[in-house]
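Residue numbers (this note's numbering): 4 to 145.
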């Protein structure tokens, strides 16, 4: 995904990084099924390339939007991500709340802007929240 995104980045005005790419991948990938053996098994992982961070480091005039799926200290982590990734907006949500997020049609979000403004988007259907996000971004980007 890194190559696909970065190869098109320069042509974009707005980039929304909503895909949840794995932060880590296995060091060794086997071509065939591993047979069961006696004893424990350990798997080593390596960091994947941080696409949002790369885009933030290389943006010129692009408006960069990222997401923060968190379970605790959501406000603090979203603000840190906003700065570390050099994003213009980070949209956070609480994935520890089972009534919203991954396993639900509903969500509740907070949009954190680079200028320290915040917009809370109340719990609702994800499709409705998506439209609210786009409406808010449109008013700020113009």
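We put the beta carbon where it would ideally sit given N, CA and C, even for glycine.
Top-ranked residue by Cα proximity to residue i, from the options
i, options, result
"residue 98", "89, 83, 70", "70"
"residue 76", "65, 86, 95", "95"
"residue 64", "39, 17, 134", "17"
"residue 117", "45, 88, 36, 136", "88"
"residue 106", "129, 20, 43", "129"
"residue 122", "104, 78, 86, 102", "78"
"residue 85", "138, 66, 74", "66"
C-beta contact flag for residue i and residue j at 8 Å
i, j, result
"residue 28", "residue 49", "yes"
"residue 5", "residue 54", "yes"
"residue 131", "residue 114", "no"
"residue 127", "residue 109", "yes"
"residue 44", "residue 12", "no"
"residue 23", "residue 72", "yes"
Local conformation of residue i per DSSP, three classes
i, result
"residue 120", "coil"
"residue 51", "coil"
"residue 19", "strand"
Nearest-angstrom Cβ-Cβ length linking residue i and residue j, presumed shorter than 8 Å
i, j, result
"residue 141", "residue 124", "That belief does not hold up - the Cβ atoms of residue 141 and residue 124 are roughly 14 Å apart, past 8 Å."
"residue 10", "residue 30", "26 Å between Cβ atoms; not a contact."
4-residue-minimum alpha helix (DSSP H) runs that sit fully inside the stretch 56 to 144, ordered along the chain: 77 to 87, 129 to 144
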